[in-house]
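>
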Amino acid sequence: MKKRFILVALILALSMLLTSCLDGYNDLMYEYLSDSNNYMQYEVTLVDIYYRDEDGEICEDYKSEDIKNSEHVYFSVYFHSKHEVAPFLGLNEDNLQKECDEYIVNLQIEPNNNKILYENGFYSDIEENTDISLKTSNWIYMDGFFFYVISVTYNDTDYLNESDGLENIVAMMKENPSLI
494 MKKRFILVAL ILALSMLLTS CLDGYNDLMY EYLSDSNNYM QYEVTLVDIY
544 YRDEDGEICE DYKSEDIKNS EHVYFSVYFH SKHEVAPFLG LNEDNLQKEC
594 DEYIVNLQIE PNNNKILYEN GFYSDIEENT DISLKTSNWI YMDGFFFYVI
644 SVTYNDTDYL NESDGLENIV AMMKENPSLI
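To convert, note that position 92 of the sequence shown is 585 in the working numbering; the numbers rise steadily by one, no gaps.
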């Protein structure tokens, strides 16, 4: 009986400790990614656009209407300097290979931001290997693999403005708190 009591008390104590850690992690990510000052503006080359369809298959026909409703749209972008790409790779510029040509990072487009891009004609106006301007953070959300975009500009046209883009990222974080 005494062993059972100690075990239950230990489990409760660990649960409370873990819960407080999880809340702290969520709060830290939420606070950082909710602040537009933590996003940087970059001039990048859009190398590839791809998305996952309803069956989870990768599709590269970004001119298709199917992209509009995809929950998983990604931009592969080329950064033009070590200084820009290093934070996305978790390194400082000195740790990157001197002859590295591949400054490519995958960025994720939040579903509501994707709909805005689609409705504003971005996918019909853009071609791969085109220079665009975007604003993104080098922090990921929920230990994922991708960085989120809050604004996209091409040929002086704002296809996704920062205010709407950030608002959608914040709403996504509120709806999907990290479990870790």
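Even glycine gets a Cβ: it sits at the ideal position worked out from N, Cα and C.
1) So, for Tyr616: in the same chain, excluding its five sequence neighbours on each side, which residues have a beta-carbon less than 8 angstroms away from its beta-carbon?
2) Could you name the residues of the same chain whose beta carbon sits closer than 6 angstroms to that of Ser527, not counting the 5 residues immediately before and after it, in chain order?
3) Report yes or no: do three or more beta-carbon pairs, one from the stretch 596–609 and one from the stretch 640–653, lie closer than 8 angstroms?
4) Closest to Ile643 by CA distance: which of Asp649, Asn631 and Leu627 is it?
5) Rounded to a whole number of angstroms, what is the C-alpha to C-alpha distance between Ser563 and Ile504?
6) Going along the chain, which unbroken runs of the beta strand (DSSP E) with 3 or more residues stay wholly within the stretch 523–595?
7) In whole angstroms, give me the CA-to-CA distance for Tyr571 and Glu621.
8) State yes or no: is the C-beta of Asn676 within less than 8 angstroms of the C-beta of Phe581?
9) Tell me which residue opens and which closes the beta strand (DSSP E) that Asn599 is part of.
10) Identify whether Asp649 lies in helix, strand or coil by the three-state DSSP scheme.
11) Tell me the rounded alpha-carbon separation between Asn599 and Phe639.
12) Would you kindly work out how many angstroms separate the C-alpha atoms of Asn661 and Lys496, rounded to a whole number?
13) Please state if the CB of Glu603 and the CB of Met522 are separated by a distance shorter than 8 angstroms.
14) Give the straight-line distance between the Cα atoms of Val645 and Ile625, rounded to the nearest whole angstrom.
Walking through what the data contain:
1) So the list reads Ile542, Tyr555, Lys556, Ile560 and Leu610, once near-sequence residues are dropped.
2) Val663.
3) Three or more pairs of CB atoms, one per stretch, sit closer than 8 angstroms, so the stretch 596–609 contacts the stretch 640–653.
4) Nearest option by C-alpha distance: Leu627.
5) Roughly 41 angstroms between the two C-alpha positions.
6) The stretch 523–595 contains these whole beta strand (DSSP E) runs: 533–545 and 566–571.
7) Note on geometry: alpha-carbon atoms of Tyr571 and Glu621 lie some 11 angstroms from one another.
8) Absent from the model: residue 676. The displayed extent of the chain is 494 to 673, so no value can be given.
9) That run of the beta strand (DSSP E) goes Ile597 to Ile602.
10) Coil.
11) Taking the straight line from one Cα to the other gives about 6 angstroms.
12) A direct Cα-to-Cα measurement between Asn661 and Lys496 gives close to 50 angstroms.
13) No, they are not a contact pair.
14) Each residue's Cα considered, the two are about 7 angstroms apart.
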